[in-house]
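Written out below as structure tokens is the structure these notes cover.
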């Protein structure tokens, strides 16, 4: 099925001399105006997401379009069950859903998602927009953080390998590597993108495990022990440098090794209660204004052209998406990491 792209249509119309309607309103403006009026009449777009701290975008969306973004956060562990339960009962409230790429791919397989080609996608990397239903707008980048009041930059880990140094024993916090999907994917990503051999990677894992990290349920709780000085290093996300400001946090590695993370993705639902509001929501979300808010106020690494990270040094960092792990791989590596890290 072909999808209506307003920007491409405008170019073709201009080439054919079809630049306006009878009333003189340009075709693209007419299409956008009609969509926006329907969206305003619907009033809101319901947004199920596992990304946090997006309230500023919801506010900006309403101010710019008159459409309210009704944001509901759902944790990664509950995301798929919640949506499929509602969808299969014919009671899915969400118009727009956001999650790591593998989760949306699972929802697409179940018929939950709808195809839509937003005009806001111009300039995005080709790999991020190749799916007709799922748009990758950022990378949930992971590295490590430390508190500059307790650790001098010269003494901080310079490479991932340094996290296995015994001097960090009992001083590291991380999400549970046996059951946290993003951490599992990140550790496997290190094997595939950073370490020269699987033996080197395994030695790193064993050294990190020997340092007896404190385990928490997800990335969210990782900064607090670093802010307080209870721990010195967190395997965490650099975005917390923005959201936890003015906490004295810095990130590594600064040695040129890549920062890895799961692609962040977004999509419309196939039975959206507010279909036009959903499209307006998605068009705004993918645009420079919203992605600028996401970068500057939430610290996210976005793929929108011209949007730069406010995190010091991040513009020159090599941020790469990790490979999607299927369910079997997540279970396999979760069990393996449970053994290596002696998770109880």
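Numbering (our numbering), first residue to last: 620 to 963.
From the three backbone atoms N, C-alpha and C, an ideal C-beta is built for every residue, glycine too.
Everything numeric in this text was worked out from a predicted model, so none of it was measured.
Legend entry - Reduced DSSP category for residue 743 - H, G, I as helix; E, B as strand; rest coil: coil
Inset, instruction - May I have the straight-line CA-CA distance separating residue 687 from residue 903, to the nearest angstrom? - result: 12 Å
Inset, instruction - Measure the alpha-carbon distance for residue 854 versus residue 655 and round it to whole angstroms. - result: 43 Å
Inset, instruction - Taking 8 Å as the threshold, find out whether the segment 905-920 comes into contact with the segment 928-941 through three or more Cβ pairs. - result: yes
Legend entry - Backbone secondary structure at residue 684 - three-state DSSP: Residue 684: helix per DSSP, three-state reduction.
Legend entry - In DSSP terms, what residue 833 is bridged to: Note: residue 833 sits in a beta bridge opposite 792.
Inset, instruction - Could you have a look at residue 940 and say whether DSSP puts it in helix, strand or coil? - result: strand
Inset, instruction - Please determine, among 848, 762, 910 and 851, the residue with the shortest C-alpha to C-alpha distance to residue 809. - result: The option with the nearest alpha carbon to residue 809 is 762.
Legend entry - Whole-angstrom C-beta distance between residue 924 and residue 760, which should lie under 8 Å: Their Cβ separation, rounded to whole angstroms, is 18 Å, which puts residue 760 and residue 924 out of contact at 8 Å.
Legend entry - Coarse secondary structure for residue 729, derived from DSSP in three states: coil
Legend entry - Reduced DSSP secondary structure (H/G/I, E/B, other) of residue 778: Coil.
Inset, instruction - State buried or exposed for residue 631, treating a residue as buried only when at least 16 other CB atoms are found within 10 Å of its CB. - result: Low confidence applies here, because residue 631 scores a pLDDT of 36, under 50, leaving its location unreliable; read the following figure in that light. It is exposed - the Cβ of residue 631 has fewer than 16 other Cβ atoms within 10 Å.
Legend entry - CA nearest to the CA of residue 840, picked from 697, 907, 862 and 681: 862
Inset, instruction - Under the assumption that residue 669 contacts residue 718 (Cβ atoms under 8 Å), give the Cβ distance between them as a whole number of angstroms. - result: 5 Å
Inset, instruction - Round the Cβ separation of residue 804 and residue 922 to the nearest angstrom and send it over; I've been treating them as touching at under 8 Å. - result: Not quite, the Cβ-Cβ distance comes to about 18 Å (not below 8 Å), so this is no contact.
Legend entry - residue 802 (DSSP reduced to helix, strand or coil): Three-state result, residue 802: helix.
Inset, instruction - Can you give me the Cβ contacts of residue 800 inside the same chain, cut-off strictly under 7 Å, excluding the 5 residues immediately before and after it? - result: 695 and 949
Legend entry - Proximity to residue 690 [Cα-Cα], best of 722, 844 and 675: Per the Cα distances, 675.
Inset, instruction - Using three-state DSSP, classify residue 954 as helix, strand or coil. - result: helix
Legend entry - Contact check, residue 959 vs residue 740, beta carbons under 7 Å: no
Inset, instruction - Whole angstroms is fine: what's the gap from residue 751's alpha carbon to residue 868's? - result: 39 Å
Legend entry - residue 962 in three-state terms, based on DSSP: coil
Inset, instruction - Could you check which residue in 756, 757, 758 and 775 has the C-alpha nearest to that of residue 765? - result: 775
Inset, instruction - Would you decide whether residue 888 is buried or exposed? Buried here means 16 or more other CB atoms lie within 10 Å of its CB. - result: Buried: at least 16 other Cβ atoms inside 10 Å.
Inset, instruction - Decide if residue 757 is buried, meaning its Cβ has at least 16 other Cβ atoms within 10 Å, or exposed. - result: buried
Legend entry - At least 3 beta-carbon pairs within less than 8 Å: the segment 810-823 vs the segment 776-788: yes
Legend entry - Distance between residue 755 and residue 883 (C-alpha atoms, nearest Å): 6 Å
Legend entry - Meets three-Cβ-pair contact criterion under 8 Å: the segment 726-739 and the segment 702-711: yes
Inset, instruction - Work out the CA separation of residue 858 and residue 672 for me, nearest whole Å. - result: 11 Å
Legend entry - Buried versus exposed call for residue 953 [16 or more other C-beta atoms within 10 Å across all chains shown]: Classification for residue 953: buried.
Inset, instruction - Note down the Cα distance separating residue 830 from residue 937, rounded to an integer number of angstroms. - result: Approximately 27 Å, taken between the alpha carbons.
Inset, instruction - Excluding the 5 residues preceding and the 5 following residue 897 in the sequence, name in chain order all residues of the same chain whose CB lies nearer than 7 Å to its CB. - result: For residue 897, where only same-chain residues beyond five positions count, the Cβ hits under 7 Å are 664, 714, 715, 887 and 891.
Inset, instruction - Round the Cβ separation of residue 965 and residue 834 to the nearest angstrom and send it over; I've been treating them as touching at under 8 Å. - result: It is not possible to answer for residue 965, since the shown part of the chain is limited to 620 through 963.
Inset, instruction - Assuming residue 877 contacts residue 939 (C-beta within less than 8 Å), just tell me the rounded distance between them. - result: 5 Å
Inset, instruction - Determine which residues share a DSSP beta bridge with residue 764 and list them. - result: 853 and 870
Legend entry - Burial state of residue 710 (16 or more Cβ within 10 Å): exposed
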